[in-house]
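Undergrad: Protein chains in written order, with our numbering: chain A, 1 to 188; chain B, 1001 to 1188. Can you read through this structure? Questions will come right after.
2 protein chains.
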Amino acid sequence: MSATERRARERADRHQLIVNAARELAETEGWEAVTTRRLAERVEYSQPVLYSHFNGKDAIVTAVAVDGFGELAEQLRRARHSAAKPKQALRAVCRAYLRFATERPALYQAMFVLPTDLQFASEQTLPQLRAGFDEFVSCFDPGNEQRELSAEVVWSALHGLAVLSGSGRIPPEDQEQRIDFLVTRMAD
Amino acid sequence: MSATERRARERADRHQLIVNAARELAETEGWEAVTTRRLAERVEYSQPVLYSHFNGKDAIVTAVAVDGFGELAEQLRRARHSAAKPKQALRAVCRAYLRFATERPALYQAMFVLPTDLQFASEQTLPQLRAGFDEFVSCFDPGNEQRELSAEVVWSALHGLAVLSGSGRIPPEDQEQRIDFLVTRMAD
DNA sequence: ACAGAATGTCTAGCGGTGCTAGGATCGGCT
DNA sequence: AGCCGATCCTAGCACCGCTAGACATTCTGT
């Protein structure tokens, strides 16, 4: 039975190979350069192989996004734990969030802008997404009945800052100032 | 010279006809259904005619977005003026903003999500966009040195609420509650 | 009024997209 | 050894944004 096991392993490896290739291509040349042909060439397989692993291009983007949610959650967690005082946790998490969005624009786009197959707000939300959200929640006092609400609004504000400044609809500088303002107003 | 005038008028009419057709098609079937072929069929001209009016598809999306910015600014202005007391102005404007985003999702997408030819944050920002932003600024005390900053953060938060709830990344209900929270925290 | 210029519009097609059917090839099992 | 299923590729479909070049129409100057 070792043969079939090896095959399963190879399959899993190739699955990740495709996802990584898509992500690298997107990060270096943008998502509009990620076509099934170029992706196939990159992984040195023919196009149909992609479709034996994913239902379609959107599913590949989705897979990249899922990886991204995991990494974002980890970044936020590290930021929160690195804060010296609880009061500084929210600020640290906010800064980490915007740093993630600006340093990995293609990844962020896959997670929040591009059309994907991801089902949100369903019975089982993606654990990675939930984990990232929980990092925001944890920045607020457990006794605060509005901590979930606070987290939602803070997350929304950060997302808005990320995409509006990223597209130049608000000046990209002064982000630090906006974080300051947001944190001081939102912290309980 | 009336002949050339008539031609110019016909050209302008057809220009708007194309923009309106694109918008209607997007609002009924989504932007992925807006192709140059379908659009040409809709306005009962051949494809190349579109290119004699616009540089490309992105320019058509841009034209729709520009119309949208004008309408959004007007909605915000009406909301602000309809508020009985100055303290309620910000809340009214925020509610109007989210109503606009949820009632005209395709239009909102053209303005803030889709790739367009629009140049933001340049020397001459689109007046309609500036007008919308100014409605937010006007909700804050003129003596407040941070009123521009406040407006940027509020706008960002609203945009985040719009797209995150629209895509189900946060529960679409409870928007009213989030507005309440945002307004009470942000109002000076 | 009429020839020539200018303008407008269309048909046809280019290179690219996501995606898939069908056949060839390779591996493991009896 | 020979079969059989899994795996992979070639070729192609329908569609995309966009454009060259031919055709028709309208305007202009004599």
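Ideal Cβ positions, reconstructed from N, Cα and C, are used throughout, including at glycine.
Return the first residue and the last residue of the alpha helix (DSSP H) that residue 1181/B is part of.
TA: Segment 1175-1186, the alpha helix (DSSP H) holding residue 1181/B.
Undergrad: Relative to the C-alpha of residue 115/A, which residue among 1167/B, 1020/B and 1177/B is closest?
TA: For the residues 1167/B, 1020/B and 1177/B, the minimum Cα distance to residue 115/A belongs to 1167/B.
Undergrad: Rounding to the nearest angstrom, what Cα-Cα distance links residue 179/A and residue 28/A in this structure?
TA: Near 28 Å, if we compare the C-alpha coordinates of residue 28/A and residue 179/A.
Undergrad: Once DSSP output is grouped into helix, strand and coil, what is the label at residue 148/A?
TA: Helix.
Undergrad: Give every residue of the same chain whose Cβ lies closer than 7 Å to the Cβ of residue 132/A, excluding the five residues on either side of it in the sequence, and list them in chain order.
TA: Excluding sequence neighbours, residue 132/A sits near 69, 72, 73 and 76.
Undergrad: Taking DSSP as the reference, what is the three-state secondary structure of residue 1200/B?
TA: Here chain B has residues from 1001 to 1188 only, and residue 1200/B is not among them.
Undergrad: Could you list which residues in chain B have their beta carbon closer than 8 Å to that of residue 177/A, in chain order?
TA: Residues of chain B passing the Cβ test: 1149.
Undergrad: Taking beta-carbon pairs under 8 Å, can you tell me which members of the segment 134-158 of chain A lie near chain B?
TA: Against chain B - using a Cβ distance shorter than 8 Å - the residues of the segment 134-158 of chain A are 146, 149, 150, 152, 153, 155, 156, 157 and 158.
Undergrad: For residue 60/A, return the contacting residues in chain B, with the cut-off set at a CB-CB distance below 8 Å.
TA: Correct list: empty, because the minimum Cβ distance to chain B is about 17 Å.
Undergrad: Suppose only complete runs of 4+ residues qualify. What are the alpha helix (DSSP H) ranges in the segment 52-128 of chain A, listed by chain order?
TA: Listed in chain order, the complete alpha helix (DSSP H) runs (minimum 4 residues) inside the segment 52-128 of chain A are 57-82, 86-103 and 105-112.
Undergrad: Mapping DSSP to helix, strand and coil, what is residue 140/A?
TA: Residue 140/A falls in the coil class under three-state DSSP.
Undergrad: Just confirm the distance between the C-beta atoms of residue 181/A and residue 1149/B, as a whole number of angstroms; I'd bet it's less than 8 Å.
TA: Contact holds; Cβ gap of about 6 Å.
Undergrad: Between residue 1064/B and residue 1019/B, how many whole angstroms is the CB-CB distance? I'm expecting something under 8 Å.
TA: Yes, they are in contact, since the Cβ atoms of residue 1064/B and residue 1019/B sit about 6 Å apart, within 8 Å.
Undergrad: Please classify residue 1081/B: is it buried, with 16 or more other beta-carbons within 10 angstroms of its beta-carbon, or exposed?
TA: So residue 1081/B counts as exposed.
Undergrad: Under the three-state reduction of DSSP, which class applies to residue 1012/B: helix, strand or coil?
TA: Reduced to three states, the DSSP call for residue 1012/B is helix.
Undergrad: Is the CB-CB distance between residue 34/A and residue 40/A below 8 Å?
TA: Cβ atoms of residue 34/A and residue 40/A: not closer than 8 Å.
Undergrad: Quick check on DSSP: helix, strand or coil for residue 1001/B?
TA: Its pLDDT being 48, under 50, residue 1001/B is placed unreliably in this model, and the coordinates cannot settle the point.
Undergrad: Quick check: the segment 1144-1161 of chain B against the segment 134-142 of chain A, are at least 3 beta-carbon pairs closer than 8 Å?
TA: No, the segment 134-142 of chain A does not touch the segment 1144-1161 of chain B.
Undergrad: In the segment 1019-1044 of chain B, which residue ranges form an unbroken beta strand (DSSP E) of at least 3 residues, counting only runs that do not cross its ends?
TA: Whole beta strand (DSSP E) segments, 3+ residues: zero.
Undergrad: Enumerate in chain order the residues of its own chain whose CB-to-CB distance from residue 129/A is below 6 Å, with the five nearest sequence positions on each side excluded.
TA: Excluding sequence neighbours, residue 129/A sits near 69.
Undergrad: Under 8 Å between beta-carbons, which chain B residues line up against residue 181/A? List them in chain order, please.
TA: Neighbours of residue 181/A on chain B, chain order: 1146, 1149, 1150 and 1153.
Undergrad: Which residue's Cα is closest to the Cα of residue 97/A: 141/A, 161/A and 36/A?
TA: That would be 161/A, whose Cα lies nearest to the Cα of residue 97/A.
Undergrad: For residue 10/A, which residues in the same chain have their Cβ closer than 6 Å to its Cβ, ignoring the five residues on either side in sequence?
TA: Within the same chain, residue 10/A has no close Cβ partners at all.
Undergrad: Rounded to the nearest angstrom, what separates residue 1158/B and residue 6/A at their Cα positions?
TA: Those two C-alpha atoms are separated by around 50 Å.
Undergrad: For my contact list, residue 118/A and residue 36/A are in at a C-beta cut-off of 8 Å; report their separation, rounded to the angstrom.
TA: At roughly 20 Å, the Cβ-Cβ gap does not stay under 8 Å, so residue 118/A and residue 36/A are not in contact.
Undergrad: May I have the straight-line CA-CA distance separating residue 177/A from residue 1024/B, to the nearest angstrom?
TA: Computed Cα separation, rounded: 40 Å.
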